[in-house]
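One structure is given here, and the rest of the page talks about it.
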Amino acid sequence: MPIQAFFYAPWKGDERLAYAGRKTAMLDQKKYFEKTGVFVPVIEITVPRSVNEGSFKFSYHLDDQTIQP
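Throughout, the numbering used here is defined as the position within the sequence shown, counted from one, plus 86.
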C-alpha cells in the first residue's frame with residue numbers, strides 16, 4: 087500500500103531546527119495542494135534514540151496541517 091505524506095522529525099535539543107522541519111513540511115503541503123488540489127497530510131516521525139529503545143512512531147496532528155481535509 088503506497089503512503090503519501092510530508093514527514094518531519096522534531097529535532098531534540100534545538101527548537102529552531104525542530105520548528106524549521108515542521109514549517110517546511112507545512113509549506114510543502116500548502117504548495118502541493120495549491121498546485122494539485124490534493125490533500126497530503128503532514129506527519130511527525132519520532133525516531134528512537136537507539137535500536138534498543140523501541141520503534142518509530144508516526145503521528146498526525148491537526149495543528150501541523152495548513153490544509154484541512
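We put the beta carbon where it would ideally sit given N, CA and C, even for glycine. Since the model is a prediction, treat every value here as computed from it, not as a measurement.
Supposed contact pair A111 and F93 - C-beta distance, whole angstroms, cut 8 Å: With a Cβ gap of about 7 Å, F93 and A111 count as contacting.
Backbone CA spacing between I129 and N138 [nearest angstrom]: Straight through space, the alpha carbons of N138 and I129 are spaced by roughly 24 Å.
Which value, in whole angstroms, describes the spacing of the CA atoms of Q154 and F142? CA-CA distance, Q154 to F142, rounds to 25 Å.
Counting only the same chain and skipping the five closest in sequence on each side, list residues whose C-beta sits under 8 Å from that of P134. Cβ neighbours of P134 beyond the five flanking positions: G140, S141 and F142.
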